[in-house]
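Chemist:
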């Protein structure tokens, strides 16, 4: 085993290195904060010859995802990246190309959605792609970003998956934070992920294809949709096989969910992405205070690893699902998925609380994890709990006062 | 299919072979279908069509395709980006030694005027800007035809559409003019632009033959008389298409080497009325009350266009 070299990399640079080590040949690109550093890095590498193939500056994310899918359907290994508004703008194309059943990897650098417009992270952007048929891997660390990109190609290109894979990381918090990252040796990476051998037929003049033709009569439509569902579900098995092979080769083992001190926990925080690191710190602090806390991190978000979630949470007394996203009128988007995974199972937690926090880059402070514990212990608390306290309120009042003064009011 | 070069002079010169099979879900008398049939006779079968949502999406309904070449349905706004992805991938494969010469093909976008003039325009402009090597075939039936004939950016002044109906308060129907895609495309100086008509097969075929050997963005606007939307008997398609040329409403031209050349100049222009009165979409200009002002404005538009070139 050659572990490669360790470098200090931002999440964005780690994504670019993951793509480089995957031997990508094509990047259709469009800039958006906080993703831009990824495509800038790749543009440099294509320009200086470190990467062979094409880097094409596209005119929008809608165009970019379409070009990505079309190139994958023509037989090259494709990478692209986006964020936030770009994901929304490109969503039609994402649904379209996942239906084409073509493999590629994209990175989403999570950023909250307008309105109000902002730059900082939450997960509403990636949640908007929840139902479009992408396989989704959510990264906590810069190392995970790189590893998931490499693993992503293996999963996407598997003959029984043939779906694009999205690797998610938090904007700013991870995209611009430097962490020590092991960059696999190129030869080692190529052994893990050989050159692209398309499992599906690709466009060639000698073997013409009609793809994505219209269908009529719901039966044909449903056939193709069920195929997509089966492929996406099968991606969990392929994830596990890929993670095993990756672990044996590189010494880093991944599972669909990460159980952090959950086995004997009375209460468990369910989280994803980089804020899970804060959650883990809170768990350790609570443990020092004698509170048996644990954390369940969702790494594979699509397909949803319901069995793994259930087996981690069964027998635990109280669970707080901390969603960094909001479906107005409902609350957290992943909360119902966790509840569904546990429904009707013996030993399901007595209390599962929905918590909304960390929207638009708002921090989840240590004391707020303590608030969650209090709410879990409060039999009257039904949720959802907003992690938005007096300090946040006071901060807004100060701004509101300025706004009123600018208008000439009191 | 063997392609031969050289100018076609008469109808017998056209390729006898077809790259599109008969029998599809398109309407009887569709002018655009005749246009693409003739175009593909010139281009041959080594063509991938990247299709935008529209009438022509019905050409390939699972499990059928009428084409000898490949087909990829995309979205309404992104057939051109799909063409970009396919072309880029072919170039990458060729450079990497993974594309046999006989596996290469031309990429042609096939989109209606709604996609072309409205939501697909920015991506098209971007592709021309990037010097993408592709063909673009716009079948122009001057409205959103597949959804039942609503106003598009290419609907002409004075036509009635479902979303710009003619009423007492709006006697013209569509009050906006037709977007001039030819001039919009021309502003970016692509290697080739042409307008074509299914009623002028020799002219159409020669234009595709010229464009076939070129590189870069080669764009075609094909006037597509639409029996269902325009309101005429399907057997009249060629009469309507001919009148569009003879009245001067639809000038046949090409843009090549930085010059606009008219390839069929009507010697004496037929009054626009003769074209308008045969179509239900213009019926409100003649009954119950004749809209002389609107008709005159349409005639004036045509006259001033040609005055510019005469």
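Residue numbers (the working numbering), protein chains in the order written: chain A, 187 to 596; chain B, 10 to 319. Where a beta carbon is used, it is the ideal one built from N, C-alpha and C, also for glycine.
1. Going along the chain, which unbroken runs of the alpha helix (DSSP H) with 4 or more residues stay wholly within the stretch 154-202 of chain B?
2. For residue 194(B), would you say it is in contact with chain A, using Cβ-to-Cβ distances shorter than 7 Å as the test?
3. Could you round the C-beta distance between residue 335(A) and residue 288(A) to whole angstroms and report it? I think they count as a contact, below 8 Å.
4. May I ask you to list, following chain order, the residues of the stretch 317-339 of chain A that have a beta carbon less than 8 Å from some beta carbon of chain B?
5. Keeping to the same chain, check which residues put their C-beta closer than 7 Å to that of residue 157(B); ignore five residues upstream and five downstream.
6. Starting from the C-beta of residue 132(B), find all residues in its chain whose C-beta is less than 7 Å away, skip the five residues before and the five after it, and write them out in chain order.
7. Suppose the cutoff is 8 Å on Cβ atoms and the five residues either side in sequence are ignored; what does the same chain contact list for residue 293(B) look like?
8. Would a C-beta distance cut-off of 7 Å place residue 352(A) and residue 318(A) closer than the cut-off?
9. Measure the Cβ-Cβ separation of residue 278(A) and residue 84(B) and say whether it is below 7 Å.
10. Out of 43(B), 55(B), 257(B), 234(B), point me to the one whose CA is closest to residue 143(B)'s CA.
11. Does DSSP put residue 499(A) in a helix, in a strand, or in coil?
12. Please list the partners that residue 150(B) has in chain A, where partner means a Cβ-to-Cβ separation under 9 Å.
13. Within the stretch 340-371 of chain A, note down every full beta strand (DSSP E) run reaching 3 residues or more, in order along the chain.
14. So what's residue 194(A) in DSSP terms, helix, strand or just coil?
15. Give a yes or no on whether the C-beta atoms belonging to residue 188(B) and residue 226(B) are separated by under 7 Å.
16. Between which two residues does the beta strand (DSSP E) harbouring residue 324(A) extend?
17. Under 7 Å between beta-carbons, which chain B residues line up against residue 261(A)? List them in chain order, please.
18. According to DSSP, is residue 279(B) helix, strand or coil?
19. Do you know how far the Cα of residue 565(A) is from the Cα of residue 505(A)?
20. Taking contact to mean at least 3 C-beta pairs separated by less than 8 Å, is the stretch 251-271 of chain A in contact with the stretch 216-234 of chain A?
21. Per DSSP, what kind of secondary structure is residue 337(A) in: helix, strand or coil?
22. On a Cα-Cα basis, can you pick out the residue from 264(B), 254(B), 272(B) that is closest to residue 281(B)?
23. Exposed or buried, which one is residue 510(A) when buried takes at least 16 other CB atoms within 10 Å?
24. Could you tell me which of 177(B), 122(B), 138(B), 173(B) sits nearest to residue 162(B), measuring between CA atoms?
25. Would you say residue 125(B) reaches chain A, if we count a Cβ-Cβ gap shorter than 7 Å as a contact?
26. DSSP puts residue 212(A) in a beta bridge; with which residues?
27. Between the alpha carbons of residue 430(A) and residue 39(B), how many angstroms are there, rounded?
28. For residue 506(A), name the three-state secondary structure that DSSP assigns.
29. Distance check for residue 484(A) and residue 228(A), CA to CA, integer angstroms please.
30. Below 6 Å CB to CB, which residues in the same chain sit around residue 554(A) once its five sequence neighbours on both sides are set aside?
31. Taking the alpha helix (DSSP H) that residue 578(A) falls in, what are its first and last residues?
32. Alpha carbon to alpha carbon, what distance is there between residue 522(A) and residue 312(A)?
33. For residue 582(A), collect the residues of the same chain with a Cβ closer than 7 Å to its Cβ; drop the 5 residues on either side in sequence, then sort them by chain order.
34. Residues in the stretch 63-84 of chain B with C-beta within 8 Å of chain A's C-beta atoms, listed in sequence order?
35. Quick one: list the residues of chain A neighbouring residue 31(B), beta-carbon separation under 7 Å, in chain order.
36. Thinking just about the alpha-carbon of each residue, which of 343(A), 300(A), 577(A) is nearest to the one in residue 597(A)?
Modeler: In short:
1. 190-195
2. no
3. No, residue 335(A) and residue 288(A) are not in contact; Cβ-Cβ is about 17 Å, not under 8 Å.
4. If you check each beta-carbon in the stretch 317-339 of chain A against every beta-carbon of chain B, none falls closer than 8 Å.
5. 171
6. 86, 87, 89, 90
7. 169, 175, 180, 182, 300
8. no
9. yes
10. 55(B)
11. helix
12. The premise fails here: residue 150(B) is roughly 19 Å from chain A at the closest Cβ pair, so nothing lies under 9 Å.
13. 351-356, 365-369
14. strand
15. 7 Å or more divides the Cβ of residue 188(B) from the Cβ of residue 226(B).
16. 321-324
17. 98, 102
18. coil
19. Between the alpha carbons of residue 505(A) and residue 565(A) lies a distance of about 13 Å.
20. These segments touch.
21. The three-state secondary structure of residue 337(A), taken from DSSP, is helix.
22. 254(B)
23. buried
24. 122(B)
25. no
26. 240(A), 264(A)
27. Answer to the nearest angstrom: the Cα atoms are 57 Å apart.
28. strand
29. 29 Å
30. Contacts found: 573.
31. 576-592
32. C-alpha separation (whole angstroms): 17 Å.
33. none
34. 66, 67, 69, 70, 71, 72, 73, 74, 76, 77, 78, 79, 80, 81, 82, 83, 84
35. From the beta-carbon of residue 31(B), no residue of chain A is found nearer than 7 Å; the closest lies around 17 Å away.
36. Because chain A is modelled from 187 through 596, residue 597(A) falls outside the range shown and cannot be assessed.
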